[in-house]
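J.: Residue numbering for the sequence shown follows full-length UniProt numbering, beginning at 1 and increasing consecutively.
The beta-carbon is built from N, C-alpha and C at its ideal position, and this holds for glycine as well.
For reference, the structure I am asking about is given below.
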Amino acid sequence: MLKRTLNKHCWKRFNSSTCTFTSKTRPVEESSRVLRHLHFVKPFMPFKNGLDIQENIVRVQLDMKKLESNIKRQLTALHEQNMAINDQEQSIIDKIMELKPNPVILTFQFEPTYTGGKRIKKQITKEQISEFEDFKPSGVTDPSKFVQLERGGQITFHGPGQMVAYIILDLKSFHQFPPKCYVNGIEEAALNLLDGYGVKAQRTNDTGVWSCLNNGKLASIGVNVNRNITSHGICINVSPNLEYLNHFTLCGLPDAKATSIQEILKDTKPNVGSNLVEGDETNTPSVDDVASSFANHMAKILGIEKVERMLIESHKLE
């Protein structure tokens, strides 16, 4: 049986020691001045559906990136030959560039699913996968699922009570924003979000966000960057069943435990009129509320002033 511990080393960490956010990044292209937030409000999304939605949007970004690269290469070749395009050709190019997609944040609440990253792909056995798929916390009748991913890191969990955000954008569309600063920016957005709910959290030497109260892990971060197009993102523990997270060795670090906003706020009194977890007698926000708040905080990190939000009732993006 897998050892029942949780490891902080969930994700391979980009060295972010040089990113302080005293001077924030900002959009350098018109297409990046608007952040589109697509929130799937219907729980609980099948994990593979969410993955397919993300991959379709990433594919559009990469196709546009390829087209943009081809145009720039041809313009460079013309310049080297002391040639130039005419006004009509420039107008066509400008219209093509206007089609470049905006940055997108997809937010979900998934059905119980364990996922494996690249670091575990060649190590995990069929027997270990079966243990993940057969596991059911106390009082739960349906087993979990296991999905292998092409993102960094080892094993993590996504399920009810968690806010999962996939961030899809072109890092080159922002001023001085390499991957290490991007990861730090996601952490910064999560820290600011948690502080707004009265939850004190911190960074450590390991990627993610950790509670100052009980040293438990509040958020896991795992990203993929392909030709400067990002995918995957962050998972924030709002009110999950922590048995899913603390039963197995997730992400590889013994002696650490997962915690949640709900667990930290369990002794606080609720604010009247707050958008809280149904049936919860604490200040625990709903997953929907956390999704909206994260998109807003991430927009601030990116220097984006406008967030366009869409609530999607389906488990598919038509």
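Do you know how far the Cα of Ile304 is from the Cα of Phe157?
T.: Residue mapping note: residue 157 aligns to position 157 of the sequence shown, counting from 1. Residue mapping note: residue 304 aligns to position 304 of the sequence shown, counting from 1. One C-alpha to the other measures close to 30 Å.
J.: Give me whichever residues DSSP pairs with Lys24 in a beta bridge.
T.: Residue numbering aside, residue 24 sits at position 24 when the sequence shown is read from its first letter. DSSP output for Lys24 lists no bridge partner at all.
J.: Between the segment 22 to 38 and the segment 65 to 77, do three or more beta carbon pairs fall short of 8 Å?
T.: no
J.: Give a yes or no on contact between the segment 222 to 238 and the segment 120 to 139, applying the rule of three or more CB pairs nearer than 8 Å.
T.: no
J.: Threshold first: 3 residues or longer. Then list the beta strand (DSSP E) segments lying entirely within the segment 204 to 239, N to C.
T.: Fully enclosed beta strand (DSSP E) runs of 3 or longer: 209 to 211, 217 to 226, 229 to 237.
J.: Between Asn214 and the rest of its own chain, which residues show a CB-CB distance below 6 Å, the 5 nearest in sequence each way excluded?
T.: What you label residue 214 is simply residue 214 of the sequence shown in a count that begins at 1. Closer than 6 Å at the Cβ level, and outside the excluded window around Asn214, lie Thr259.
J.: For the alpha helix (DSSP H) that Arg73 lies in, which residues bound it at each end?
T.: The sequence position of residue 73 within the sequence shown is 73, counting from 1. Where Arg73 is concerned, the enclosing alpha helix (DSSP H) stretches over 47 to 80.
J.: Is Ala190 near Val164, with beta carbons less than 8 Å apart?
T.: For the purposes of this step, residue 190 is taken as residue 190 along the sequence shown, with counting starting at 1. For the purposes of this step, residue 164 is taken as residue 164 along the sequence shown, with counting starting at 1. The answer is no: Cβ separation not under 8 Å.
J.: Among the candidates Leu245, His315, Phe40, whose CA atom is the shortest distance from the CA of Thr107?
T.: Taking the sequence shown and counting its residues from 1, one reaches residue 107 at position 107. It is Phe40.
J.: So, at 7 Å on beta carbons, what are the nonlocal neighbours of Ala201 in its own chain, with the 5 sequence-adjacent residues on each side left out?
T.: Here residue 201 refers to the residue found at position 201 of the sequence shown. Same-chain partners within the cutoff: Leu191, Leu194, Val209, Trp210, Ser211, Cys212, Leu218.
J.: Alpha carbon to alpha carbon, how far is Ile168 from Ser286?
T.: Here residue 168 refers to the residue found at position 168 when the sequence shown is read from its first residue. Here residue 286 refers to the residue found at position 286 when the sequence shown is read from its first residue. Each residue's Cα considered, the two are about 24 Å apart.
J.: According to DSSP, is Asn7 helix, strand or coil?
T.: Taking the sequence shown and counting its residues from 1, the one referred to as residue 7 is at position 7. Because Asn7 carries a pLDDT of 35, less than 50, the predicted location of this residue cannot be relied on, and the following value inherits that uncertainty. Of the three classes helix, strand and coil, the one that applies to Asn7 here is coil, per DSSP.
J.: So, does the segment 220 to 232 touch the segment 52 to 61, judging by three or more C-beta pairs under 8 Å?
T.: yes
J.: Give the C-beta separation of Gly196 and Leu149 to the nearest angstrom, bearing in mind that I take them to be a contact with Cβ-Cβ under 8 Å.
T.: On the sequence shown, position 196 is the one that residue 196 refers to. On the sequence shown, position 149 is the one that residue 149 refers to. About 30 Å separates the two Cβ atoms, so there is no contact after all.
J.: Tell me, please, which residues DSSP counts as bridged to Asp170.
T.: Looking up residue 170 in the sequence shown gives position 170. Per DSSP, Ile229.
J.: Does Glu133 come out as helix, strand or coil in the three-state DSSP assignment?
T.: Mapped onto the sequence shown, residue 133 falls at position 133. If DSSP states are grouped into helix, strand and coil, Glu133 belongs with the helices.
J.: Could you tell me which residues DSSP pairs with Glu308 in its beta bridges?
T.: Translated into positions along the sequence shown, residue 308 becomes position 308. Looking at the DSSP output, Glu308 shares a beta bridge with Arg36.
J.: Taking the beta carbon of Gln154 as the centre, do at least 16 other beta carbons fall within 10 Å, making it buried, or is it exposed?
T.: Numbered from 1 along the sequence shown, position 154 holds the residue referred to as residue 154. By the neighbour-count rule (16 or more Cβ atoms within 10 Å), Gln154 is buried.
J.: Where does His175 fall in DSSP's three states?
T.: Counted from its first residue, the sequence shown places residue 175 at position 175. Coil at His175, not helix or strand.
J.: Suppose you measure from the CA of Thr230 to the CA of Gln109; what does that come to, to the nearest Å?
T.: Position 230 of the sequence shown, counted from the first residue, corresponds to residue 230. Position 109 of the sequence shown, counted from the first residue, corresponds to residue 109. Answer to the nearest angstrom: the Cα atoms are 20 Å apart.
J.: Which residues share a DSSP beta bridge with Thr156?
T.: Taking the first residue of the sequence shown as 1, we reach residue 156 at position 156. DSSP lists Thr115 as partners of Thr156.
J.: Just to confirm before moving on: does the CB-CB distance between His232 and Tyr166 stay below 8 Å?
T.: For the purposes of this step, residue 232 is taken as residue 232 along the sequence shown, with counting starting at 1. For the purposes of this step, residue 166 is taken as residue 166 along the sequence shown, with counting starting at 1. Result yes, Cβ atoms of His232 and Tyr166 sit closer than 8 Å.
J.: Could you tell me if Glu308 is buried or exposed, where buried requires 16 or more neighbouring beta carbons within 10 angstroms of its beta carbon?
T.: In the sequence shown, residue 308 corresponds to position 308, counting from 1. It counts as exposed.
J.: How is the beta strand (DSSP E) around Leu106 delimited, first residue to last?
T.: The count along the sequence shown starts at 1 and reaches residue 106 at position 106. It spans 104 to 108 - the beta strand (DSSP E) in which Leu106 sits, taken as one unbroken run.
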